[in-house]
Amino acid sequence: MMKKLLLVCLAFLISISVWAQENKKQTDSKIDYVTVFLTGAQITRSATVVIPKGTSNLVFHDVSTEVIPQSIQVATDNEITILAVNHQINYLENQTTREEETKLEAQLKALKEKVNYETAMLQVFQQEESMLIKNQAIGGSNVLLKAVDLKDAMDFQRTRMTEVKNKQLDINQRLVGYNKEIVKIEQQLTELNNTNYRPSGEIVVNINAKETSTTKLLLTYVVRNAGWYPTYDLRVTDISKPINLNYKANVYQTSGEDWSNVKLTLSSGNPNESGTKPTLNKWDLRFFGSGNLDEVVVVGYGKPREMNEIVRSEAKIAIRGTAQKSMTVAPTVVVATGQTTFQFMIEQPYSIPSDGKQHTVNVQERTIDALYEYYCAPKLDKDVFLTARITGWEEMNLLSGEANLYYEGTYLGKAMLNTRNTSDTLDVSLGRDKNIVVTRIKQKEFSRKQVFGSNKTDERRWEISIRNKKLLPVNIVVEDQYPTSTDKDIVVEKGEAKEATLDEATNKLTWHLKIDAAKEKKVGFSYSVKYPKSSIVILE
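For reference, each letter of the sequence shown is one residue, going 14 to 553 in this note's numbering.
Written as structure tokens, this is what we have:
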């Protein structure tokens with residue numbers, strides 16, 4: 014009786030296990046759309062599935078292990094009830110092999126086939142060589158050959174043996190080359206397997222259907238370890254022409270799933286930032302601690318602001334200075350602007366592997382008007398800097414980032430494009446221009462020291478010369494300054510500074526000058542400083 018009961022229980026458990034497996038359906042899906050935020054990315058997958066009547070589990074395999082569970086959404090066009098959604102990690106299965114690994118494995122297979130063929134041919138020629146050696150005793154020891162026949166036989170033997178040896182040498186050389194390539198590929202595959210082992214992520218969707226049907230499912234979720242940041246190319250061919258601005262996005266990701274031939278959207282949003290307005294709570298002060306203190310420590314307490322966190326900052330990714338794969342074809346871009354964010358919808362499909370490298374996507378290229386102006390502060394640096402004041406920059410939805418500067422076809426270096434200011438114009442430094450020469454010389458005949466009673470007076474006069482070596486007139490801003498006293502015993506008297514504007518708060522002098530082509534202009538200023546003769550004041 015007990016044995017029959019055990020058999021019944023065992024059969025029941027087996028039937029439950031089989032039922033569970035039958036109701037667990039592995040579902041293939043592909044990535045169609047990716048929205049990349051400044052930190053994080055939203056993935057949209059699609060799948061066409063035959064859903065049986067009743068309750069079943071759809072297992073979307075080969076998804077990222079970096080999925081944020083609370084971000085998962087499932088959409089369908091049929092009347093299907095979603096009972097539960099769960100993200101899990103399958104450590105027993107590795108994610109789909111990357112394209113790089115697939116190519117390497119195909120190359121390795123082809124090389125091994127070549128090695129097998131060449132090895133077989135080498136054996137054939139080695140056997141032929143052995144037969145030639147064994148047949149050196151021509152016709153046997155009792156057979157007398159004519160001289161002509163003997164010569165012909167030896168010529169044949171020598172010619173054929175030479176051919177066989179040459180064939181063997183050629184094959185051995187090819188085998189050495191093939192084997193070297195095999196070693197390299199195997200080492201590369203070993204490195205990829207050691208460093209890129211990735212357990213497989215799975216999303217299990219528990220559903221209930223009234224009838225069996227074929228339906229299309231859209232699966233959307235947010236992953237960590239992805240993002241983008243902007244860089245720019247600013248090109249100026251001539252200061253009489255507008256600026257050419259190339260807006261680029263550097264996209265990176267190590268989410269564990271490759272984005273192959275997908276439609277990209279770049280968003281200025283950041284799901285790591287809270288969308289909830291902060292609340293300023295009451296600030297209570299109280300004494301801190303009860304031990305023996307040499308002084309009273311007062312601490313302010315306040316309720317921390319709430320964070321509707323989607324993407325966390327556990328994973329730190331170094332994105333600058335890494336290798337870069339450039340995609341130079343300028344895509345068609347549709348810009349959508351919201352109240353607080355904007356999006357660039359790239360219509361050309363892109364492939365972004367999960368390798369952590371920067372992949373450059375051209376966002377847009379525009380020609381924008383700018384007011385060019387040169388700047389020099391010869392007290393600090395005699396070089397002249399070209400600056401551009403860009404108007405209408407708000408329409409391009411620019412973000413702060415590095416800019417590569419090009420002037421008259423020459424790369425000048427990098428500059429920071431700061432778009433956080435609220436001005437209508439965006440000021441950009443375009444680097445140094447050696448074709449405008451500025452000098453600042455102290456005029457000794459007007460500079461002297463005098464002593465009157467207990468005080469000493471130092472007089473200074475400076476001459477600033479600006480020479481334009483260019484073929485076009487230029488506008489230049491030159492800045493210098495009067496010294497400012499911080500002691501009542503030091504008295505500064507400002508002298509003449511023709512054509513300059515004085516900022517009384519900072520004592521800064523500013524000249525706005527226009528210098529014609531191949532011309533020179535001189536400006537100057539003077540000041541005197543009176544102080545006790547027993548003291549030392551350091552002037553220029």
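Glycine included, every Cβ here is placed at the ideal spot set by N, Cα and C.
query, result
"Assuming L443 and V249 make a contact with CB atoms under 8 Å, what is their CB distance in whole Å?", "6 Å"
"Grouping DSSP H, G and I as helix and E and B as strand, with all else coil, what is S467?", "coil"
"For N388, which residues in the same chain have their Cβ closer than 6 Å to its Cβ, ignoring the five residues on either side in sequence?", "As written in the sequence, residue 388 is Tyr, which differs from the Asn given in the question. Correct list, in chain order: F398, T400 and V490."
"For N283, which residues in the same chain have their Cβ closer than 7 Å to its Cβ, ignoring the five residues on either side in sequence?", "F50, L51 and T52"
"If S467 and K543 are in contact, beta carbons under 8 Å, what's the gap, nearest whole angstrom?", "Actually they do not touch by this definition, with Cβ atoms about 11 Å apart."
"Tell me the DSSP bridge mates of S226?", "I64"
"Kindly indicate the opening and closing residues of the beta strand (DSSP E) around K527.", "K521 to I528"
"Between the Cα of K261 and the Cα atoms of S273, L279 and D251, which residue gives the shortest distance?", "L279"
"State whether the segment 57 to 71 contacts the segment 292 to 299, with contact taken as three or more CB pairs (one from each stretch) at a distance under 8 Å.", "no"
"Using only the alpha-carbon positions, how far apart do E319 and T48 sit?", "For E319, the predicted model reports a pLDDT of 37, less than 50, meaning its position is unreliable; a value from the coordinates is still stated below. Between E319 and T48, the C-alpha separation is close to 25 Å."
"For the beta strand (DSSP E) containing N375, list its first residue and its last residue.", "Q371 to I381"
"Beta-carbon separation of K511 and V536 under 8 Å?", "yes"
"Tell me whether S77 is buried or exposed, calling it buried when 16 or more other Cβ atoms sit within 10 Å of its Cβ.", "buried"
"Would S364 pass as a contact of K229 if the rule is Cβ separation under 8 Å?", "no"
"If you run the structure through DSSP and keep just helix, strand and coil, what is S84?", "helix"
"Measure from the alpha carbon of F357 to the alpha carbon of each residue in P243, A390, Q140 and E270, then state which is nearest.", "P243"
"On the three-pair Cβ rule with 8 Å, is the segment 216 to 228 touching the segment 88 to 106?", "yes"
"Assign E142 to one of three DSSP states: helix, strand, or coil.", "helix"
"Check whether the Cβ atoms of L418 and R402 lie closer than 8 Å to each other.", "no"
"Using a Cβ-Cβ cut-off of 7 Å (strictly less than) and excluding sequence neighbours within five positions of G426, which residues of its own chain qualify?", "L418 and G444"
"Hey, out of V63, P486 and D516, whose CA is closest to D251's CA?", "P486"
"Identify which residue in D75, A54 and Q55 has its Cα closest to the Cα of K43.", "D75"
"Can you tell me whether M167 is buried or exposed? The criterion is at least 16 other CB atoms within 10 Å of its CB, across all chains shown.", "exposed"
"Between Y46 and L277, what straight-line distance do the alpha-carbon atoms span, to the nearest angstrom?", "6 Å"
"What separation, rounded to the nearest whole angstrom, lies between the Cα atoms of I551 and Y420?", "40 Å"
"Does the beta-carbon distance from S539 to F465 come in below 8 Å?", "no"
"Between L145 and Q170, what straight-line distance do the alpha-carbon atoms span, to the nearest angstrom?", "7 Å"
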